[in-house]
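Asks:
In the numbering used here, the protein residues as written are 4 to 407.
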């Protein structure tokens with residue numbers, strides 16, 4: 004295995020893929036821990052177990068090195084799940100109980116990577132099981148710290164191997180997606196999520212965006228943008244109702260797969276509008292939620308209060324990321340529509356300005372009003388003195404025609 008990894012690292016290095024080479028190098032370093040099992044790790048011949056855990060997202064790996072007469076005679080490892088938000092001490096305590104329930108060989112000394120809360124209770128249980136004195140220690144310095152570090156590196160390596168195995172099988176689902184399923188109590192994993200956002204300025208140029216995330220990653224090729232057709236003025240509820248109706252009526256007509264979860268940017272009102280459209284299409288079984296910006300509250304149909312989702316949940320962070328992406332996409336589209344309208348109604352009317360110069364002016368002054376109140380000299384810096392004179396003349400005539 005070591006030789007194979009060494010060849011892989013050399014190959015990446017020759018191809019200048021240094022990040023990949025570094026990743027293989029780290030695996031080699033972790034793997035070297037195994038070669039130390041038969042080496043003397045301590046001149047002290049006390050029988051001891053050294054225990055450490057490594058965790059990532061919702062997974063953890065616990066490793067126990069069995070040291071007898073100064074040598075590592077063997078090891079055990081356990082994979083643990085649902086550990087997100089749990090302290091290392093809590094995971095360690097669970098590991099200790101699980102391991103020593105299964106074996107009878109209790110050593111005189113147990114060394115841990117972190118102190119556990121119920122140490123006295125655990126000690127009493129282990130002493131009774133061993134029939135002799137047992138100590139638990141969390142070292143702060145010296146050789147024992149190095150021993151714990153060796154075991155922890157081993158746990159990190161095994162955890163990385165677990166993740167790599169999942170990736171190779173092709174069934175890897177990010178923890179945030181699993182967390183979201185748990186938080187929302189969904190019957191299936193929300194691997195495909197579609198999220199909607201509405202954007203307008205004082206009721207004009209209303210647009211909507213829809214973004215798609217698959218296994219927690221954006222699928223930009225499937226993003227969609229909509230101009231609101233049936234709603235006049237600023238009515239986010241009616242706009243949401245329209246766009247959800249259009250999206251899923253089309254999917255049904257095309258016999259395309261439906262999402263595992265629909266997210267609407269907003270609270271009860273936006274959610275109710277979207278639910279109404281889904282009901283009209285007889286798609287009530289598709290899970291749908293609303294995510295309100297102000298307090299990051301999650302609303303679910305038929306529940307009067309917001310769903311309680313832990314603030315530290317990776318599922319909630321994924322929802323926020325998706326919502327923010329939908330908002331960004333909607334804002335970008337809305338600005339493009341608004342800029343185009345402004346260009347067509349104001350600056351485009353001025354002879355000699357053209358689309359390119361109009362865009363440069365808007366970028367420099369922020370709006371048509373900004374151009375209007377800029378000095379001729381400021382405008383000339385962007386488009387030249389001749390066009391600047393025409394622009395000032397246009398706006399002075401426009402002001403003269405306004406009722407005073």
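Using N, Cα and C, we set each Cβ at its ideal position, and we do this for glycine too. These figures come from a predicted structure and were not determined experimentally.
Return the CA-CA distance between residue 4 and residue 160, expressed in angstroms with no decimal places.
Replies: As a working note, residue 4 is residue 1 in the chain shown. As a working note, residue 160 is residue 157 in the chain shown. With a pLDDT of 49 at residue 4, under the threshold of 50, the predicted position of this residue should be treated as unreliable, though the coordinate-derived value follows. Rounded to the nearest angstrom, the two C-alpha atoms are 14 angstroms apart.
Asks: To the nearest angstrom, report how far apart residue 355 and residue 388 are at their CA atoms.
Replies: Along the chain shown, read from residue 1 onward, the residue named residue 355 stands at position 352. Along the chain shown, read from residue 1 onward, the residue named residue 388 stands at position 385. Those two C-alpha atoms are separated by around 12 angstroms.
Asks: In three-state terms, what does DSSP make of residue 51?
Replies: Numbered from its first residue, the chain shown carries residue 51 at position 48. Here residue 51 sits in strand by DSSP.
Asks: Please give the ranges of any alpha helix (DSSP H) in the region 66-124, keeping only runs that are unbroken, at least 4 residues long and fully inside the region.
Replies: 91-105
Asks: Determine contact between the region 263-272 and the region 292-299, defined as no fewer than three beta-carbon pairs at a distance below 8 angstroms.
Replies: yes
Asks: Quick one: Cα of residue 214 to Cα of residue 350, how far?
Replies: Here residue 214 refers to the residue found at position 211 of the chain shown. Here residue 350 refers to the residue found at position 347 of the chain shown. Cα to Cα, the separation comes out at about 33 angstroms.
Asks: On a Cα-Cα basis, can you pick out the residue from 119, 196 and 73 that is closest to residue 290?
Replies: In the chain shown, counting from the first residue as 1, residue 290 sits at position 287. Checking every option, the nearest Cα to that of residue 290 belongs to 196.
Asks: Please state the DSSP three-state secondary structure of residue 229.
Replies: Within the chain shown, the letter at position 226 stands for residue 229. Three-state result, residue 229: strand.
Asks: I need the straight-line Cα distance from residue 127 to residue 133, nearest angstrom please.
Replies: Along the chain shown, read from residue 1 onward, the residue named residue 127 stands at position 124. Along the chain shown, read from residue 1 onward, the residue named residue 133 stands at position 130. Looking at the two C-alpha atoms, the distance is approximately 10 angstroms.
Asks: Go to residue 272, then tell me how far its alpha helix (DSSP H) extends in each direction, as first and last residue.
Replies: In the chain shown, the residue the question calls residue 272 occupies position 269. That run of the alpha helix (DSSP H) goes 271-283.
Asks: DSSP three-state call for residue 144: helix, strand or coil?
Replies: On the chain shown, position 141 is the one that residue 144 refers to. Coil.
Asks: Work out the CA separation of residue 178 and residue 148 for me, nearest whole Å.
Replies: The count along the chain shown starts at 1 and reaches residue 148 at position 145. The count along the chain shown starts at 1 and reaches residue 178 at position 175. Roughly 31 angstroms separates the two Cα atoms.
Asks: I'd like the span of the alpha helix (DSSP H) that includes residue 376, first residue to last.
Replies: Start at 1 with the first residue of the chain shown, and residue 376 comes out as number 373. Run containing residue 376: 371-376, per the alpha helix (DSSP H) assignment.
Asks: As a quick exercise: from 165, 250, 65 and 68, pick the residue whose alpha carbon is nearest that of residue 228.
Replies: On the chain shown, position 225 is the one that residue 228 refers to. Minimum Cα distance to residue 228 is reached at 250.
Asks: Does DSSP put residue 359 in a helix, in a strand, or in coil?
Replies: Here residue 359 is taken as the residue at index 356 of the chain shown, counted from 1. Three-state DSSP puts residue 359 in a helix.
Asks: Could you tell me which residues DSSP pairs with residue 199 in its beta bridges?
Replies: Translated into positions along the chain shown, residue 199 becomes position 196. Beta-bridge partners assigned by DSSP to residue 199: 213 and 267.
Asks: Figure out for me which residue from 155, 288 and 105 has the closest Cα to the Cα of residue 264.
Replies: Taking the chain shown and counting its residues from 1, one reaches residue 264 at position 261. Measuring from the Cα of residue 264, the nearest candidate turns out to be 288.
Asks: Taking DSSP's pairing of strands, which residues face residue 302 in a bridge?
Replies: Position 299 of the chain shown, counted from the start, is the residue given in the question as residue 302. DSSP, once it has assigned bridges, lists 293 as partnering residue 302.
Asks: Thinking C-beta only, is residue 52 closer than 8 angstroms to residue 113?
Replies: Translated into positions along the chain shown, residue 113 becomes position 110. Translated into positions along the chain shown, residue 52 becomes position 49. For residue 113 and residue 52, yes; Cβs fall inside 8 angstroms.
Asks: Excluding five sequence neighbours on each side, which residues of the same chain lie with their C-beta closer than 8 angstroms to the C-beta of residue 137?
Replies: Sequence index remark: in the chain shown, residue 137 carries index 134 (1-based). Sequence-distant partners of residue 137 (beyond 5 residues in either direction) whose C-beta falls short of 8 angstroms from its own C-beta, in its chain, are 109, 110, 111, 112, 113, 126, 129 and 130.
Asks: Pop quiz: residue 277 and residue 243 are said to be a contact at Cβ under 8 angstroms. What is the actual Cβ separation, rounded to whole angstroms?
Replies: If you number the chain shown from 1, residue 277 lands on position 274. If you number the chain shown from 1, residue 243 lands on position 240. Contact holds; Cβ gap of about 5 angstroms.
Asks: Measure the CB-CB distance between residue 98 and residue 82 and report whether it falls below 8 angstroms.
Replies: The sequence position of residue 98 within the chain shown is 95, counting from 1. The sequence position of residue 82 within the chain shown is 79, counting from 1. Between residue 98 and residue 82, the CB-CB gap reaches or exceeds 8 angstroms.
Asks: When we look at the beta-carbon of residue 328 and count the other beta-carbons within 10 Å, is it buried (16 or more) or exposed?
Replies: Looking up residue 328 in the chain shown gives position 325. Residue 328 comes out buried.
Asks: Quick one: residues in its chain with C-beta nearer than 6 angstroms to the C-beta of residue 68, no 5 flanking neighbours on either side, listed in chain order?
Replies: For the purposes of this step, residue 68 is identified with residue 65 of the chain shown, where counting begins at 1. 53, 75, 78 and 154.
Asks: Give me whichever residues DSSP pairs with residue 58 in a beta bridge.
Replies: Along the chain shown, read from residue 1 onward, the residue named residue 58 stands at position 55. Residue 58 pairs with 63.
Asks: Judging by CA-CA distance, which residue of 183, 117, 164 and 184 is the nearest neighbour of residue 152?
Replies: Taking the first residue of the chain shown as position 1, residue 152 is located at position 149. If we check each option's Cα against that of residue 152, 117 comes out closest.
Asks: Between residue 180 and residue 194, is the Cβ-Cβ spacing less than 8 angstroms?
Replies: Taking the first residue of the chain shown as position 1, residue 180 is located at position 177. Taking the first residue of the chain shown as position 1, residue 194 is located at position 191. Yes, Cβ-Cβ distance for residue 180 and residue 194 is below 8 angstroms.
Asks: Taking C-beta to C-beta, are residue 223 and residue 248 nearer than 8 angstroms?
Replies: Residue 223 sits at position 220 when you count from the first residue of the chain shown. Residue 248 sits at position 245 when you count from the first residue of the chain shown. For residue 223 and residue 248, no; Cβs fall outside 8 angstroms.
Asks: What's the call for residue 337, buried or exposed, on a 16-neighbour Cβ count within 10 Å?
Replies: Walking along the chain shown from the start, residue 337 turns up at place 334. Buried: at least 16 other Cβ atoms inside 10 Å.
Asks: Taking the alpha-carbon positions, what's the residue 40 to residue 217 distance?
Replies: Translated into the one-based positions of the chain shown, residue 40 becomes position 37. Translated into the one-based positions of the chain shown, residue 217 becomes position 214. Confidence at residue 40 is low in this model, with a pLDDT of 47, below 50, so its placement is unreliable and the value that follows should be read with caution. The alpha-carbon atoms of residue 40 and residue 217 are separated by roughly 43 angstroms.
Asks: Whole angstroms are fine: how far does the CA of residue 199 sit from the CA of residue 331?
Replies: Taking the first residue of the chain shown as position 1, residue 331 is located at position 328. Taking the first residue of the chain shown as position 1, residue 199 is located at position 196. A direct Cα-Cα distance of roughly 11 angstroms separates residue 331 from residue 199.
Asks: Tell me the DSSP secondary structure of residue 310 in three-state form.
Replies: The sequence position of residue 310 within the chain shown is 307, counting from 1. Residue 310 falls in the strand class under three-state DSSP.
Asks: Nearest CA to the CA of residue 304: which residue from 70, 237, 231 and 187?
Replies: Mapped onto the chain shown, residue 304 falls at position 301. Among 70, 237, 231 and 187, the Cα nearest to that of residue 304 is on 187.
Asks: Which value, in whole angstroms, describes the spacing of the CA atoms of residue 310 and residue 50?
Replies: Working through the chain shown from its first residue, we reach residue 310 at position 307. Working through the chain shown from its first residue, we reach residue 50 at position 47. Distance between the alpha carbons of residue 310 and residue 50: 51 angstroms.
Asks: Using the rule of at least 16 other Cβ atoms within 10 Å of the residue's Cβ for burial, across every protein chain shown, is residue 326 buried or exposed?
Replies: Along the chain shown, one-based indexing puts residue 326 at 323. Buried.
Asks: Can you grab the Cα-Cα spacing for the pair residue 390 / residue 368, in whole Å?
Replies: Stepping through the chain shown from its first residue, residue 390 is reached at position 387. Stepping through the chain shown from its first residue, residue 368 is reached at position 365. Residue 390 and residue 368: Cα-Cα distance of roughly 16 angstroms.
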